[in-house]
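Chains as they are written, first to last, in the numbering used here: chain A, 23 to 224; chain B, 38 to 418.
What follows is a short report on a single structure.
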């Protein structure tokens with residue numbers, strides 16, 4: 023059903039352009055917006071605009087940030103010689119939650135996938151190479167490839183390994199295997215097979 | 038494994054049919070188009086989430102019905118008692134449940150309820166294109182080895198990605214970027230070699246089961262064989278390392294042709310499983326009778342193989358099998374079904390003449406069900 027108000031219709035349209043939001047969810051969100059106070063709506067609209075106006079990409083790690091370079095790349099508490107390569111900014115949040123990682127990051131902005139029309143030139147690989155070059159501020163010892171173990175992620179990791187090894191940097195990959203706290207009998211066979219293949223000494 | 042009972046709602050010829058099965062031979066008889074095969078198809082659906090006749094779920098939906106739903110009660114060693122329900126709605130898709138709980142990944146379900154089916158269209162396995170034989174091997178291995186299903190799924194994904202890369206380069210009239218292609222080559226070789234390795238090992242293991250099946254069918258020929266041949270057959274041994282090496286070599290040799298065609302020309306997706314009887318290639322030199330015997334033997338061998346690997350007999354679904362065999366082999370098959378070598382079987386037939394001669398229904402573990410116009414009944418003895 024269409025609304026008699028054009029402005030409502032247009033907001034529904036805008037909401038439903040967001041990922042995972044269908045038309046019905048969009049209508050629910052609009053109904054909520056209509057109940058919000060004008061101040062709340064203004065704050066919301068300002069926050070949306072601010073994201074576009076203030077958020078930039080870090081010149082070093084390519085992560086989203088308000089200040090360039092970002093806080094992580096400026097920090098002297100982080101090991102600037104250890105770089106963890108991730109596909110998306112959100113992956114950094116997951117790794118930071120561990121509280122264990124002391125190095126810095128590099129955000130590729132995706133993985134190689136010809137079916138989606140994404141080749142190496144569409145990723146921020148050139149920027150990664152620059153960080154290894156002679157003009158770089160820090161000497162990088164190790165690059166950890168922390169891309170998802172999908173076919174595309176694996177291929178991107180292989181591509182990067184080919185590219186980075188000649189720079190004399192150590193290239194490593196996240197281990198794959200059983201999730202912590204899981205039960206062997208509940209693990210799927212594919213994961214178990216990989217965990218077996220990648221077993222290590224105690 | 039045994040299927041105890043089954044309910045079909047809005048499925049093909051069946052509006053709402055319920056039935057129970059006996060532990061050994063179950064004969065479904067009735068006229069053509071009555072809905073006998075639908076019952077085998079329904080069991081196949083519940084075990085493997087798909088039909089053996091079509092890949093399109095909406096084709097099995099009863100005309101004009103909003104959804105179809107299948108429910109089956111199974112028992113066995115892997116799952117002691119399990120009710121499987123499959124619900125298909127053209128708008129919402131297909132959903133599987135075991136004991137009321139939704140199954141998130143179909144791959145986790147495949148192989149839990151082992152099943153082997155034979156239908157007259159299976160003649161394409163012996164007489165058709167190489168793809169049919171690959172599909173046959175895939176079907177067995179996906180049930181028997183979860184690692185194979187994973188390797189195959191990944192290989193197919195890599196193949197699509199690599200083909201797109203080659204095709205895009207071809208359209209632009211340039212060679213694909215070297216480093217990018219090399220990355221996909223590595224993935225192709227890695228997953229493809231696992232697929233080839235598992236297939237080749239399987240064919241070695243399968244040989245003795247095929248011999249046994251031929252013997253059980255009282256076939257004239259003595260020496261049926263299946264061998265792996267294909268783009269990477271140059272491998273001297275079927276160790277993954279050796280296959281990878283051969284694969285890389287073949288891939289390097291095909292570079293020019295691949296660029297010109299814009300597609301991947303080497304790999305398990307183009308391999309062939311060659312079938313021979315007494316040294317002659319079946320596809321070229323086989324008679325009608327030899328094709329039929331091989332077609333059923335290969336399914337029986339699949340049955341024995343899965344039984345051996347999974348440690349439990351699959352359910353055997355035989356559609357119109359007696360029409361495919363001469364009376365001597367039909368007799369051998371019907372006696373085999375009643376022996377200790379085979380667990381539960383379901384068999385469809387238009388007429389009962391042949392079957393009645395060799396399968397007693399009066400009492401005991403066998404049963405016959407009459408199927409008429411989408412309804413199932415137990416006839417009086």
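A virtual CB, placed ideally from N, CA and C, is assigned to each residue, including glycine.
Here the structure is a predicted model, which is why all the values come from computation and not from measurement.
Find the residues of chain A that neighbour residue i, judging by a C-beta separation of less than 8 Å, and give them in chain order.
{"i": "residue 220 of chain B", "result": "134, 177, 178, 180, 181, 184"}
{"i": "residue 288 of chain B", "result": "Going along chain A, no residue has its Cβ under 8 Å from residue 288 of chain B, so there is no contact; the nearest lies around 15 Å."}
{"i": "residue 224 of chain B", "result": "173, 176, 177, 180"}
In three-state terms, what does DSSP make of residue i?
{"i": "residue 39 of chain B", "result": "strand"}
{"i": "residue 176 of chain A", "result": "helix"}
{"i": "residue 44 of chain A", "result": "coil"}
{"i": "residue 361 of chain B", "result": "helix"}
{"i": "residue 97 of chain B", "result": "helix"}
{"i": "residue 89 of chain B", "result": "coil"}
{"i": "residue 309 of chain B", "result": "strand"}
{"i": "residue 205 of chain A", "result": "coil"}
{"i": "residue 260 of chain B", "result": "coil"}
{"i": "residue 35 of chain A", "result": "helix"}
{"i": "residue 50 of chain B", "result": "coil"}
{"i": "residue 76 of chain B", "result": "helix"}
{"i": "residue 62 of chain B", "result": "strand"}
{"i": "residue 121 of chain B", "result": "strand"}
{"i": "residue 354 of chain B", "result": "strand"}
{"i": "residue 408 of chain B", "result": "strand"}
{"i": "residue 133 of chain B", "result": "strand"}
{"i": "residue 277 of chain B", "result": "helix"}
{"i": "residue 82 of chain A", "result": "coil"}
{"i": "residue 332 of chain B", "result": "helix"}
Closest to residue i by CA distance: which of the options is it?
{"i": "residue 188 of chain A", "options": "A:218, A:151, A:208", "result": "A:151"}
{"i": "residue 412 of chain B", "options": "B:43, B:41, B:55", "result": "B:55"}
{"i": "residue 101 of chain B", "options": "B:78, B:127, B:239, B:117", "result": "B:127"}
{"i": "residue 209 of chain B", "options": "B:165, B:217, B:299, B:293", "result": "B:299"}
{"i": "residue 155 of chain B", "options": "B:369, B:340, B:375", "result": "B:340"}
{"i": "residue 46 of chain B", "options": "B:99, B:118, B:380", "result": "B:99"}
{"i": "residue 304 of chain B", "options": "B:282, B:311, B:215, B:226", "result": "B:226"}
{"i": "residue 338 of chain B", "options": "B:201, B:43, B:173, B:281", "result": "B:173"}
{"i": "residue 334 of chain B", "options": "B:237, B:234, B:162", "result": "B:162"}
{"i": "residue 117 of chain A", "options": "A:74, A:82, A:139, A:168", "result": "A:168"}
{"i": "residue 103 of chain A", "options": "A:131, A:222, A:155, A:55", "result": "A:155"}
{"i": "residue 122 of chain B", "options": "B:112, B:113, B:139, B:95", "result": "B:139"}
{"i": "residue 297 of chain B", "options": "B:66, B:211, B:380", "result": "B:211"}
Residues of chain A with CB under 7 Å from residue i, in chain order?
{"i": "residue 217 of chain B", "result": "134, 141, 142, 181"}
{"i": "residue 194 of chain B", "result": "173"}
{"i": "residue 145 of chain B", "result": "210"}
{"i": "residue 205 of chain B", "result": "136"}
{"i": "residue 191 of chain B", "result": "173"}
{"i": "residue 187 of chain B", "result": "212"}
Let's test the definition: count the other Cβ atoms within 10 Å of the Cβ of residue i and tell me whether it reaches 16, buried, or not, exposed.
{"i": "residue 322 of chain B", "result": "exposed"}
{"i": "residue 199 of chain B", "result": "buried"}
{"i": "residue 284 of chain B", "result": "buried"}
{"i": "residue 49 of chain B", "result": "buried"}
{"i": "residue 403 of chain B", "result": "buried"}
{"i": "residue 223 of chain B", "result": "buried"}
{"i": "residue 257 of chain B", "result": "exposed"}
{"i": "residue 242 of chain B", "result": "exposed"}
{"i": "residue 135 of chain A", "result": "buried"}
{"i": "residue 128 of chain A", "result": "buried"}
{"i": "residue 336 of chain B", "result": "buried"}
{"i": "residue 194 of chain A", "result": "exposed"}
{"i": "residue 87 of chain A", "result": "buried"}
{"i": "residue 208 of chain A", "result": "exposed"}
{"i": "residue 224 of chain A", "result": "exposed"}
{"i": "residue 394 of chain B", "result": "exposed"}
Please compile the residues from chain B whose C-beta is within a distance smaller than 7 Å of the C-beta of residue i.
{"i": "residue 205 of chain A", "result": "Within chain B, no residue comes near residue 205 of chain A; the closest Cβ sits about 15 Å away, beyond 7 Å."}
{"i": "residue 211 of chain A", "result": "183, 184"}
{"i": "residue 104 of chain A", "result": "Under the 7 Å cutoff, chain B gives no residues; its nearest Cβ is about 24 Å from residue 104 of chain A."}
{"i": "residue 215 of chain A", "result": "184"}
How would you list, in chain order, the residues of chain A whose beta-carbon sits under 9 Å from the beta-carbon of residue i?
{"i": "residue 126 of chain B", "result": "Near residue 126 of chain B there are no residues of chain A at all, since even the closest Cβ is about 17 Å away, more than 9 Å."}
{"i": "residue 214 of chain B", "result": "141, 142, 143"}
If we define contact as Cβ-Cβ less than 8 Å, is residue i a contact residue for chain C?
{"i": "residue 184 of chain B", "result": "No chain C is present in this structure, whose protein chains are A and B."}
Using the beta-carbon of each residue, which ones in chain B are nearer than 8 Å to residue i?
{"i": "residue 137 of chain A", "result": "197, 198, 201"}
Task: Contiguous alpha helix (DSSP H) assignments of at least 4 residues, all confined to the region 205-258 of chain B - done: 215-253
Open item on the list: Which complete alpha helix (DSSP H) runs does the region 147-171 of chain A hold, if anything under 4 residues is left out?
Closed with: 147-154
Open item on the list: Extract the residue ranges of the alpha helix (DSSP H) inside the region 137-209 of chain B, only unbroken runs of 4 or more that lie entirely within it.
Closed with: Within the region 137-209 of chain B, the complete alpha helix (DSSP H) runs of at least 4 residues are 143-146, 160-164, 167-181, 183-208.
Open item on the list: Ignoring anything shorter than 3 residues, give me the beta strand (DSSP E) runs that lie fully in the region 87-133 of chain A, in order along the chain.
Closed with: 101-108, 125-129
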